[in-house]
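Report on the structure given below.
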Amino acid sequence: MADAFVPYAPLNVPKPFADAVWIVDGPEIAMDYLGLKLPFPTRMTVVRLPDGGLWLHSPIAFDQGLAASIAAFGPVRHLIAPNTLHYWWIPDWAARFPEAQLHAAPGLDKAAKRPLPPHRVLGDAPDPAWTEVIDQLLVPGGLLTEVDFLHRPSRTLILTDLIENFEPRRIRPRWLRALVRWSGAADPDGKAPIDMQLSFWRHKRTLRSAVRRMIDWAPEQIVLAHGRCYDRDGTVELKRAFRWAL
58 MADAFVPYAP LNVPKPFADA VWIVDGPEIA MDYLGLKLPF PTRMTVVRLP DGGLWLHSPI
118 AFDQGLAASI AAFGPVRHLI APNTLHYWWI PDWAARFPEA QLHAAPGLDK AAKRPLPPHR
178 VLGDAPDPAW TEVIDQLLVP GGLLTEVDFL HRPSRTLILT DLIENFEPRR IRPRWLRALV
238 RWSGAADPDG KAPIDMQLSF WRHKRTLRSA VRRMIDWAPE QIVLAHGRCY DRDGTVELKR
298 AFRWAL
């Protein structure tokens, strides 16, 4: 079917994922991979904190209509740049919600190719603003450093690039489907692509420790930034996707 190639429509619409958790699928972007420009679907996560404020993880391309929809849920209090690759639209969201506090992964101030507004650096422990409901951990690596989160009330693990799970049926060119499968990031066996796995070679002990902490969290579902999310069997999927690191 032709609509199988449409990336997670409707786009720019908050979709309930768990209690107090929404995902928003955005437009595809062109990502550099092995010298090629590849179409990547994008996704952000919205969490409502106990005080009613909103926590926006990995904001997608800014859209006025989407911003209005999110603002209707409550005040935007936190904007999260969770790794050294997912940050580009943070300044646009910060301009729309100037009262929001920005939080960025370590090293992003030096790696960013676009100036970032003043921000707090995310660490291996949750910020006091969300410690009541969200756990977090730091995963330092070579290609990227990522901070991952668990929304405890819904047992939802929120990842960015450490698992990618592209659905081949949504990829039109045959050569690209083959490349995604070769990289190891194809559904139903999505995981970190091979180049990212290799980049953790010098950080494997730290990565293994972080993955074990995530497994101990026993997530029921997992939100991914790229590809099909896991709405059940989260811990099983986590062990499967990180078998290369355990």
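Here this note's numbering is used: the first residue of the sequence shown is 58, the next is one more, and so on.
Even glycine gets a Cβ: it sits at the ideal position worked out from N, Cα and C.
Every value quoted in this text rests on a predicted model; they were computed, and no experiment measured them.
Cα-Cα separation between residue i and residue j, rounded to whole angstroms
i, j, result
"Asp244", "Pro225", "7 Å"
"Arg265", "Phe257", "10 Å"
"Phe154", "Ile147", "10 Å"
"His160", "Asn69", "22 Å"
"Ala152", "Arg177", "17 Å"
"Phe97", "Phe223", "9 Å"
"Leu95", "Pro183", "34 Å"
"Glu294", "Val280", "12 Å"
"Met58", "Arg229", "Legend: pLDDT at Met58 = 32, less than 50; position of this residue unreliable, value from coordinates given subsequently. Approximately 11 Å, taken between the alpha carbons."
"Pro185", "Thr102", "20 Å"
"Ala53", "Asp252", "A question about residue 53 goes unanswered here, because the residues of the chain that appear run from 58 up to 303."
"Ser240", "Arg231", "14 Å"
"Phe74", "Ile127", "15 Å"
"Arg238", "Asp290", "22 Å"
Contacts around residue i, its chain only, beta-carbon distance under 6 Å, and the 5 residues preceding and following it disregarded
i, result
"Gln254", "Trp301"
"Ala242", "Glu221, Phe223, Pro250"
"Asp288", "Gln278"
"Asp82", "Tyr65, Leu68, Arg100"
"Asp181", "Leu194, Leu195"
Span of the beta strand (DSSP E), counted from its first residue to its last, around residue i
i, result
"Ile279", "278-280"
"Leu219", "Element bounds for Leu219: n/a, residue is neither H nor E."
"Ala75", "71-75"
From the options, residue whose alpha carbon lies closest to that of residue i
i, options, result
"Glu85", "Gly110, Ala298, Gly284", "Gly284"
"Trp187", "Thr99, Asp288, Cys286, Gly109", "Gly109"
"Leu136", "Ala168, Pro174, Ala169", "Pro174"
"Pro210", "Val104, Ala87, Pro71, Lys261", "Val104"
"Asp192", "Trp79, Arg297, Phe299, Ile272", "Ile272"
"Asp246", "Ala298, Lys261, Leu179", "Ala298"
"Val78", "Gly122, Pro107, Ala87", "Pro107"
"Lys261", "Lys167, Asp76, Ala129, Leu303", "Leu303"
"Met88", "Leu233, Ile127, Pro73, Gly122", "Leu233"
"Lys72", "Gly291, Cys286, Asp290, Thr292", "Cys286"
"Ile80", "Ala282, Lys248, Ala129, Val237", "Ala282"
"Leu219", "Ala129, Gln121, Lys296, Gly122", "Lys296"
Residue i at chain B interface by Cβ criterion, 7 Å
i, result
"His283", "Of the chains in the structure shown, none is chain B; there is only one protein chain."
Same chain, Cβ closer than 8 Å to residue i, five either side skipped, listed in chain order
i, result
"Pro172", "Pro148"
"Gly164", "Thr141, Thr202"
"Trp150", "Leu113, Pro116, Phe119, Ala124, Val133, Leu136, Ala157"
"Arg259", "Gly199"
"Arg270", "Leu194"
"Gly131", "Arg105, Gly109, Gly110, Leu111"
"Leu207", "Ile191, Asp192, Gln193, Thr213, Leu214, Ile215, Met271, Trp274, Pro276"
"Glu189", "Leu106, Pro107"
"Asp76", "Pro210, Ser211"
Opening and closing residue of the alpha helix (DSSP H) in which residue i lies
i, result
"Ala161", "Counting along the chain, Ala161 falls outside any alpha helix (DSSP H), though it belongs to the beta strand (DSSP E) covering 158-161."
"Trp274", "261-274"
"Phe297", "Looking at the sequence shown, residue 297 is not Phe but Arg. Where Arg297 is concerned, the enclosing alpha helix (DSSP H) stretches over 291-298."
"Leu252", "The amino acid occupying residue 252 in the given sequence is Asp; Leu does not appear at that position. Segment 251-256, the alpha helix (DSSP H) holding Asp252."
"Trp232", "231-240"
Same chain, Cβ closer than 7 Å to residue i, neighbours up to 5 away in sequence not counted
i, result
"Thr263", "Pro197"
"Pro139", "His114, Ser115, Ala162, Glu203, Val204, Thr217"
"Tyr144", "Ala138, Ala161, Leu165, Ala169, Leu173"
"Val268", "Phe299, Ala302, Leu303"
"Thr292", "Ile272, Ala275, Pro276"
> Where in the stretch 102-151 do unbroken runs of the alpha helix (DSSP H), each at least 4 residues long, occur, reported from the N-terminal end onward?
Replying inline: Secondary structure within the stretch 102-151: the alpha helix (DSSP H) runs of 4 or more consecutive residues, fully enclosed, are 121-128 (chain order).
>> To test your reading of the DSSP string, which unbroken beta strand (DSSP E) runs of 3 or more residues are found completely within the stretch 163-217?
In response: Counting only runs of 3 or more residues that sit fully inside the stretch 163-217, the beta strand (DSSP E) segments are 191-196, 203-208, 213-215, in chain order.
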